[in-house]
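Q:
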């Protein structure tokens, strides 16, 4: 999809609204699903939005588990399904920091 189109802009805005409604912000930051970050980095919403326009949305990210969409536990062999949202799936609740000091 053309990232310059109104359709793409509306999709990005809808995605951000969805994530914010599901309380997926960590210290006022959100996981960035752009092709470059792949949900591994946290940014303020406006920076994440810029990334989605400059780098594009990772099209393989179909179930938005880091942004509030339910996850079904397929490994549950009892037959019950469990689900969680971004609030409980967030493994790392800290902003990525420069770890260069740890390497020296």
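Residue numbers (my numbering): 58 to 161.
We put the beta carbon where it would ideally sit given N, CA and C, even for glycine.
Computed from a predicted model, the values in this text were never measured in an experiment.
1) With a threshold of 8 angstroms between beta carbons, is residue 69 in contact with chain B?
2) Of all the options 84, 104 and 72, which has the alpha carbon lying nearest to the alpha carbon of residue 119?
3) DSSP puts residue 88 in a beta bridge; with which residues?
4) Look at the alpha carbon of residue 87 and the alpha carbon of residue 78, and state the distance between them as a whole number of angstroms.
5) Residue 82: which of 70, 93, 99 and 66 sits nearest, CA to CA?
A: Based on what the coordinates show:
1) Absent from the structure is chain B; it holds one protein chain and no more.
2) 72
3) 99
4) 12 angstroms
5) 99
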